[in-house]
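Presented below is the structure to which this report refers.
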Amino acid sequence: SEPDVDLENQYYNSKALKEEDPKGALDNFQKVLDLEGGDKGEWGFKALKQMIKINFRLQNYDEMMRRYKALLTYIKSAVTRNHSEKSINSILDYISTSKQMELLQDFYETTLEALKDAKNERLWFKTMTKLGKLYFDREEYSRLSKILKQLHASCQTDDGEDDLKKGTQLLEIYALEIQMYTAQKNNKKL
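First residue of the sequence shown: 9, per this note's numbering; consecutive thereafter.
Right, dumping it as structure tokens:
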């Protein structure tokens, strides 16, 4: 339809500005959202994703979080589950290069809060694992232990046994647990 073509053109024009003129690109991505007019759709989602990355690069962290929270409102209806999962994963990977632990923690917790309603187990698991690794890096072992308990519970059958269908996730949990016990020199648990 005609408005979709306008949205698409505006999006790609904005994306072309991203490298040379990031602030101009942000203004142009805002126009994509304005054109969308409150009807959440794929182009607005993509525009927000770009705005998050540009704001991260420009170190506008408050604006980045504001845009990320807006993007998370799209995951329930505006884009497919698969698309939202891939996009959020790519954003989490992108910002995980930051050395600002508080920012990362805020990002992961905001994601987890949004996922409560979305019922996306895989993305929840990946985000929890990233948060767990963050706590490990910060040597916050009591917080990490709580994360590990929740992760482990998510990989159990109804009768409390390890769900062998979730072998890959269990390996990730055990690896993080081993790292924690090694760092704590807790040989008894090892």
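Ideal placement from N, C-alpha and C gives every residue a C-beta, glycine not left out.
{"query": "Give the straight-line distance between the Cα atoms of T190 and C163, rounded to the nearest whole angstrom.", "result": "23 Å"}
{"query": "With distances taken between CB atoms, is the gap from F37 to Q67 smaller than 8 Å?", "result": "no"}
{"query": "Shortest alpha-carbon distance to Q108 belongs to which of I62, K48, L142 and K193?", "result": "L142"}
{"query": "If I'm right that Y19 touches A78 with Cβ under 8 Å, what's the distance once you round it to whole angstroms?", "result": "Between A78 and Y19 the Cβ distance is about 16 Å, and since that is not below 8 Å, they are no contact."}
{"query": "To which residues of the same chain is L159 closer than 6 Å at the C-beta, ignoring the five residues directly before and after it?", "result": "M136 and I181"}
{"query": "Given a threshold of 16 other Cβ atoms within 10 Å of its Cβ, counted over all protein chains shown, does K7 qualify as buried or as exposed?", "result": "This structure cannot speak to residue 7, because the chain is shown only from 9 to 198."}
{"query": "Check each candidate in D42, K61 and G49 and name the one with the smallest Cα separation from S106.", "result": "K61"}
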